[in-house]
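One structure is given here, and the rest of the page talks about it.
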Amino acid sequence: MENKVTRNLYMIPYALWIIFFVIAPILLVVYYSFLDIEGNFSLVNYQNFFTSTYLQMTLSSFWYAFLITAISLLVAYPTALFLTRTKHKQLWLLLIIVPSWINLLLKAYAFIGIFGTYGAANNFLEFLGIGSQQILFTDFSFVFVSVYIFIPFMILPIFNALESLNPTLLDAANDLGASKWTTFRRVVFPLTIDGVKSGCQVVFIPALSLFMLTRLIAGNRVITLGTAIEQHFLVTQDWGMGSTIAVFLIIIMFVIISLTGIRKRGA
Amino acid sequence: MSRKSSPFANLFLFIIFFVLYAPIFYLIFYSFNSGGTMSGFEGFTLDWYKELFSDTRLLIIVLNTVVIALLSALISTIIGVFGAIGIREMKRKRNQNSILGLNNVLIVSPDVIIGASFLILFTMAGIQLGFYSVLLSHIAFSIPIVVLMVLPKLMEMSPSLIDAAHDLGASRWNVLTKVILPYITPGIFAGFFMALTYSLDDFAVTFFVTGNGFSTLSVEIYSLARQGISLNINALSALIFLVTVVLVIVYYYISRRAGNQGMGGMRR
């Protein structure tokens, strides 16, 4: 009896948090998605969403997020693999994580300088004899900077998955005559797929909703779902439409989480 | 995975580390440029640092950011720790899982959605946008990470420890302060640090709920960067990098110490 009362006392602030900051915001977003710009109840936002403008935007947003996730994975997997083979691997891993603690905006700002007309990237191209190019405000710069920002978040779960791999399995595969590549394809990769999945999850969802990079680095050339939401909420003040896009983003988010959901096998 | 590293692997890692750190050092390098741009180093100067320290507006923003980060980390750690204790004491596994599901919503939600929905929330509730709305949002998105950091420690704690304390006549308050809290201290510290970095690093949520009068560092850098390059930002980022490195070292030692503690450490 006493146990129950104190437990409830512990839980009061936390329960209030769940009600006001988890459940209420989602309900409010859903509610607003049914309001048109004058605040009347209507389905006009949903009709608008299924026009070609918004569908195209959703598709291109998906495409960029996919590209960013795929490239991050291609770079992060070998990095994680090689990291597990170094001495002092925990220290190296920490050094991989440190840049992710530097403010995102500062990193984006650094790339404005590096990719600028007279920046380091163009100096290097000049040096190679290619001559300077427009790098900032292109798709390339957008994808590059996004991958740069997300890479630590992809490396971490893969590294952890590789670390929990039983090394005797590799010896076993080796003894049974598997080549290095076969061992990787048939043993290492399947056993670390959970790390890959959670890495993809933590990169793909934020990549869909990036908005400040699209402005600073892509110069508004790329419009993601996140950019559109920001635009509707803070520029055109059409909260209804912004909420509608947010509702779809939330749905997409749940689909992705259930697709990449990690079911612990064994214990 | 205890195979020897090949030259190719080392080269690959070298390139990765180079690319990860080059932009940061690029920023810091040009903070000493007297030329005023981020290209063509003309001469060494500390003018940008002087300008930074005489820019009271920017210093106030830095102060705001730190105050918000410390307050939100502190409050969210307190709420999160008690939330985690409450979750642990739940009898049914099903209830635990549904609460944890709700807990994780804000962790997986994109920042834009958190920001937009909080903006609606504050407007509906009539809370004026500014210091308090930013503080409340930072507390809100830091709580779930604290819970996730503390809960595993609580779960690995043997229930017989608490029973033993009760049997020996400890009051509930004593059980909490003398048994539970010391045991989960490493988790609490980890949660506090994560909350701190979440808050310092946040841009998107703050951008939505900040209103006109109040600004944090991220939001300020965003508006400065949209206007182009000014080297005080470089000077500022050099200082932030230093602070980050110090924080990392502190964190590294805390987690190392936590790892060595008999009771609170990793016991399998």
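Top line first, the protein sequences correspond to chains V and C. Numbered according to full-length UniProt numbering, the first sequence spans residues 1 to 267. Numbered according to full-length UniProt numbering, the second sequence spans residues 1 to 268. Glycine residues also receive a C-beta, built at the ideal position from the N, C-alpha and C atoms. Model, not experiment: these values are computed from the prediction.
Range of the contiguous alpha helix (DSSP H) that encloses residue i
i, result
"Lys153/C", "Phe131 to Glu156"
"Glu51/C", "Asp47 to Ser54"
"Phe115/V", "From DSSP, Phe115/V is part of no alpha helix (DSSP H); its letter is neither H nor E."
"Pro157/V", "Asp139 to Glu163"
"Met241/V", "Trp239 to Thr260"
"Asp111/C", "Asp111 to Ala125"
"Ser171/C", "Taken as a continuous stretch (DSSP letters only), Ser171/C belongs to no alpha helix (DSSP H), as it is neither H nor E."
"Ala218/V", "Counting along the chain, Ala218/V falls outside any alpha helix (DSSP H), and DSSP gives it neither H nor E."
"Lys91/C", "No alpha helix (DSSP H) contains Lys91/C, which DSSP labels as neither H nor E."
"Ile26/V", "Ala24 to Ser33"
"Ser34/C", "Unbroken run through Ser34/C: none, as it is neither H nor E."
"Val75/V", "Ser52 to Thr84"
"Arg226/C", "Leu217 to Gln227"
"Thr182/V", "Lys180 to Thr183"
"Gly199/V", "Ile193 to Leu208"
With 16 other Cβ atoms within 10 Å as the buried cut-off, status of residue i
i, result
"Lys93/C", "exposed"
"Asn45/V", "buried"
"Ala120/V", "buried"
"Asn8/V", "exposed"
"Glu126/V", "exposed"
"Gly266/V", "For Gly266/V, the pLDDT reaches just 34, beneath the cut-off of 50, and the residue's location in the model is therefore unreliable, leaving the point undetermined."
"Ser258/V", "exposed"
"Ile61/C", "buried"
"Ser171/C", "exposed"
"Arg88/C", "buried"
"Trp173/C", "exposed"
"Gln47/V", "exposed"
"Glu220/C", "buried"
"Leu119/C", "buried"
"Ile151/V", "buried"
"Ser141/V", "buried"
Residue i at chain C interface by Cβ criterion, 8 Å
i, result
"Tyr32/V", "yes"
"Phe233/V", "yes"
"Thr79/V", "yes"
"Thr260/V", "no"
"Arg186/V", "no"
"Ala172/V", "no"
"Ser61/V", "no"
"Asn103/V", "yes"
"Val203/V", "no"
"Ser141/V", "no"
"Ala161/V", "no"
"Glu126/V", "no"
"residue 290/V", "Examination of residue 290/V is not possible in this model, given that chain V is present from 1 through 267 alone."
"Val222/V", "no"
"Ala120/V", "yes"
Alpha carbon of residue i to alpha carbon of residue j, nearest angstrom
i, j, result
"Leu236/C", "Leu52/C", "7 Å"
"Ile149/V", "Tyr253/C", "26 Å"
"Leu148/C", "Asn122/V", "44 Å"
"Ser109/C", "Phe254/V", "9 Å"
"Gly39/V", "Pro23/C", "46 Å"
"Lys178/C", "Phe153/V", "37 Å"
"Phe184/V", "Ser198/V", "19 Å"
"Val188/V", "Thr84/V", "13 Å"
"Leu35/V", "Val143/V", "35 Å"
"Trp48/C", "Ile256/V", "46 Å"
"Gln90/V", "Met241/V", "46 Å"
"Phe21/V", "Ala173/V", "50 Å"
"Met263/C", "Arg221/V", "With a pLDDT of 33 at Met263/C, under the threshold of 50, the modelled position of that residue is not reliable, and no figure is offered here."
Minimum Cβ-Cβ distance from residue i to chain V less than 8 Å
i, result
"Ile229/C", "yes"
"Gly211/C", "no"
"Ile162/C", "no"
"Met38/C", "yes"
"Arg92/C", "no"
"Ser223/C", "no"
"Arg267/C", "Low per-residue confidence applies at Arg267/C: pLDDT is 29, beneath 50, and the placement is therefore not dependable, though the value from the model is reported in the following sentence. No - not a single Cβ of chain V is within 8 Å of the one on Arg267/C."
"Val205/C", "no"
"Gly187/C", "no"
"Ile143/C", "yes"
(message) I want to know whether the segment 157-171 of chain C touches the segment 243-250 of chain C - three or more CB-CB distances under 8 Å.
(response) no
(request) Decide yes or no for the touch test of the segment 157-167 of chain V against the segment 79-90 of chain V: beta carbon pairs closer than 8 Å, at least 3 of them. (result) yes
(message) Between the segment 57-77 of chain C and the segment 131-143 of chain C, can you find at least three pairs of beta-carbon atoms closer than 8 Å?
(response) yes
(request) Taking 8 Å as the threshold, find out whether the segment 116-132 of chain C comes into contact with the segment 22-30 of chain V through three or more Cβ pairs. (result) yes
(message) Does the contact criterion of 3 or more C-beta pairs under 8 Å hold for the segment 168-182 of chain V versus the segment 130-140 of chain V?
(response) no
(message) If contact is defined by three or more beta carbon pairs under 8 Å, each pair taking one atom from either stretch, is the segment 195-211 of chain V in contact with the segment 83-99 of chain V?
(response) no
(request) Decide if the segment 185-201 of chain C is in contact with the segment 92-107 of chain C; the criterion is three or more beta carbon pairs, one per stretch, under 8 Å apart. (result) no
(message) Pairs of beta-carbons, one from the segment 48-64 of chain V and one from the segment 217-231 of chain V, closer than 8 Å: are there three or more?
(response) yes
(request) Assess, as a yes-or-no matter, whether the segment 29-38 of chain C is touched by the segment 148-159 of chain C under the definition of 3 or more beta carbon pairs within less than 8 Å. (result) no
(request) Decide if the segment 76-87 of chain C is in contact with the segment 204-215 of chain C; the criterion is three or more beta carbon pairs, one per stretch, under 8 Å apart. (result) no
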